[in-house]
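In this note's numbering, the protein residues as written are 9 to 238. A virtual CB, placed ideally from N, CA and C, is assigned to each residue, including glycine. One structure is given below, encoded as structure tokens.
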């Protein structure tokens, strides 16, 4: 369920209209931004996910703009809380993400920035499908504890360089990520965070995620980052 948090310094709330639904978003643009990272959160989460907000803060500290947004409108979220169906409807979520991407491109302050996706859980699958839909716009994808396997037959069509970040103790998801990595045909990499479980709640685990994600995005969105193992 959506839980609002305080707006952080340098971040402002935006509204994205998709069809007849209004999606809330949180946009942060540091001075001299070197790229834009759009977040696709996981099952049952929202733009107020504390883990994604922590990663977004770290990315902004490295000069990357961030856009966190709600994949579902408020009425849709209430329905999903009851049925749990929309959070696993990957084509639907990917279309939402693609629509938000098109919104971002239309914003004068964002139009010149190269764009990437940061997806977690089922949001990672939506990010990969949306990246395949917009190969001309999406230049990098990072998955945190994601389910890229849910992108299914779309995986070989993903052109954006893709980094999979997985906890070493998240055994089932790790196996799914390794199988998905083999199906990706473009530039790709995987990093296993030792000792981390699915939510990366262990001390230092999320900081490793943020560091590796920032390096990947800086490498492919126009900056210079430390190269992750590819």
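{"Query": "Roughly how many angstroms lie between the CA atoms of residue 58 and residue 126, to the nearest whole one?", "Result": "14 angstroms"}
{"Query": "Could you check what DSSP says for residue 183 in three-state terms: helix, strand or coil?", "Result": "helix"}
{"Query": "Would you mind reading off the limits of the alpha helix (DSSP H) that contains residue 162?", "Result": "Counting along the chain, residue 162 falls outside any alpha helix (DSSP H), and DSSP gives it neither H nor E."}
{"Query": "On the three-state DSSP scale, how would you describe residue 1?", "Result": "In the structure as shown, the chain begins at 9 and stops at 238. Residue 1 is therefore absent and cannot be evaluated."}
{"Query": "Label residue 20 either buried or exposed according to how many other C-beta atoms from any shown protein chain fall within 10 Å of its C-beta, with 16 as the threshold for buried.", "Result": "exposed"}
{"Query": "Given this structure, state the Cα-to-Cα distance separating residue 149 from residue 65, to the nearest angstrom.", "Result": "18 angstroms"}
{"Query": "Can the beta-carbon of residue 23 be found closer than 8 angstroms to that of residue 55?", "Result": "no"}
{"Query": "Using only CA atoms, which one of 220, 106 and 212 lies nearest to residue 173?", "Result": "220"}
{"Query": "Put residue 37 into one of helix, strand or coil per three-state DSSP.", "Result": "coil"}
{"Query": "Exposed or buried, which one is residue 175 when buried takes at least 16 other CB atoms within 10 Å?", "Result": "buried"}
{"Query": "Rank 218, 70 and 136 by C-alpha distance to the C-alpha of residue 98 and give the top, closest one.", "Result": "136"}
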